[in-house]
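K.L.:
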Amino acid sequence: TGTALSAMMAVLHKKGKMRLGQTLTARSIIGSEFSGRIVDLSDVNGIAAILPEISGRGWITGIHQHMLDPDDPWPQGYRLSDTWGAR
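Shown next as structure tokens:
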């Protein structure tokens with residue numbers, strides 16, 4: 060819910076519906092709440108961004124293990140634009 064709240068705040072700010080200092084609270088279908096506030100505005104490589112402050116309570120629901128295959132051709136990750144349209 061916290062990650063989704065950050066994304067929603069960024070969209071609302073872009074649409075002019077949320078300003079610096081304003082707070083938004085999101086409730087999940089099970090009643091948990093996260094609150095977010097835009098604490099600052101920034102720029103990431105020429106793209107406008109917000110700096111959110113999120114508060115709420117979360118619980119561990121699982122443990123995950125990530126591995127990197129030594130034969131992976133993109134060990135640092137990739138973007139679709141890296142492969143789409145390649146000639």
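In terms of our numbering, the sequence shown opens at residue 60 and continues consecutively. Where is the CB? At the ideal position from N, CA and C, for every residue including glycine.
Assuming S65 is part of the beta strand (DSSP E), what are its boundary residues?
P.N.:
Mapped onto the sequence shown, residue 65 falls at position 6. No beta strand (DSSP E) contains S65, which is instead part of the alpha helix (DSSP H) from G61 to K73.
K.L.:
What's the gap between the Cα of P132 and the Cα of R138?
P.N.:
The residue you call residue 132 lines up with position 73 of the sequence shown. The residue you call residue 138 lines up with position 79 of the sequence shown. Cα to Cα, P132 sits roughly 13 Å from R138.
K.L.:
Let's test the definition: count the other Cβ atoms within 10 Å of the Cβ of L110 and tell me whether it reaches 16, buried, or not, exposed.
P.N.:
Taking the first residue of the sequence shown as position 1, residue 110 is located at position 51. Under this definition L110 is an exposed residue.
K.L.:
For D102 and A108, what's the separation of their Cα atoms in angstroms?
P.N.:
One-based indexing of the sequence shown puts residue 102 at position 43. One-based indexing of the sequence shown puts residue 108 at position 49. Distance between the alpha carbons of D102 and A108: 5 Å.
K.L.:
If you follow the beta strand (DSSP E) that S94 is in, where does it begin and where does it stop?
P.N.:
The residue given as residue 94 occupies position 35 in the sequence shown. Run containing S94: E92 to V103, per the beta strand (DSSP E) assignment.
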